[in-house]
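Asker:
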């Protein structure tokens with residue numbers, strides 16, 4: 003299981019402070035955190051606590067599909083009004099861009115559903131209590147109102 007502690011601390015709401023620290027030079031060995039391990043840590047942090055990559059994918063798909071649709075509409079209107087012949091590769095590329103945009107949009111929507119499932123499977127509590135001040139309302143014994 004992946005535990006990105008910086009994200010967990012922020013999620014729980016702990017107060018954080020910044021401490022400047024200059025570590026002494028390493029006497030033996032070398033660090034095991036190379037570029038790829040740091041990159042994996044960054045990806046873990048982003049995917050465990052954020053859905054913005056999925057939203058960005060959806061927005062990119064929507065923008066690409068809308069632009070391709072607008073350009074395709076322009077080509078059709080240009081042909082109908084001016085009579086300009088459009089070359090075959092232009093229509094193919096426009097159609098491919100439109101379908102690629104729709105595909106990205108669909109992947110983003112599916113990803114949003116998967117992220118909701120992922121959040122439910124983690125079973126994190128909805129609330130984290132700093133202090134419990136009591137039991138709430140006292141239990142009232144069952145009393146017959148007709149008595």
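Residue numbers (our numbering): 3 to 149.
Using N, Cα and C, we set each Cβ at its ideal position, and we do this for glycine too.
Nothing here was measured: the structure is a model prediction, and the numbers come from that model.
Output yes or no for whether 8 Å exceeds the beta carbon distance between residue 114 and residue 62.
Answerer: Cβ atoms of residue 114 and residue 62: not closer than 8 Å.
Asker: Please tell me whether residue 66 and residue 106 are closer than 8 Å, where the distance is taken between their beta carbons.
Answerer: yes
Asker: Cutting at 8 Å between CB atoms, please list the residues of its own chain near residue 81, excluding the five before and the five after it.
Answerer: Only 87 and 88 meet the Cβ criterion.
Asker: Looking at the secondary structure, which residues open and close the alpha helix (DSSP H) in which residue 81 lies?
Answerer: 54-83
Asker: Helix, strand or coil: how does DSSP classify residue 115 here?
Answerer: helix
Asker: Under a Cβ-count criterion, where at least 16 other Cβ atoms within 10 Å of its own Cβ denotes burial, should residue 24 be classed as buried or exposed?
Answerer: Exposed, because fewer than 16 other Cβ atoms sit within 10 Å of the Cβ of residue 24.
Asker: Taking the alpha helix (DSSP H) that residue 42 belongs to, which residues open and close that run?
Answerer: 37-51
Asker: Suppose the cutoff is 8 Å on Cβ atoms and the five residues either side in sequence are ignored; what does the same chain contact list for residue 37 look like?
Answerer: none
Asker: Starting from the Cα of residue 73, find the closest Cα among 126, 98, 15 and 131 and give me that residue.
Answerer: 98
Asker: Buried or exposed: which applies to residue 96, given that a residue is buried once 16 or more other Cβ atoms fall within 10 Å of its Cβ?
Answerer: buried
Asker: Roughly how many angstroms separate the alpha carbons of residue 83 and residue 75, rounded to a whole number?
Answerer: One alpha carbon belongs to residue 83, the other to residue 75, and they sit about 12 Å apart.
Asker: Measure the CB-CB distance between residue 15 and residue 130 and report whether it falls below 8 Å.
Answerer: yes
Asker: Identify whether residue 8 lies in helix, strand or coil by the three-state DSSP scheme.
Answerer: helix
Asker: Quick one, are the C-beta atoms of residue 6 and residue 58 less than 8 Å apart?
Answerer: no
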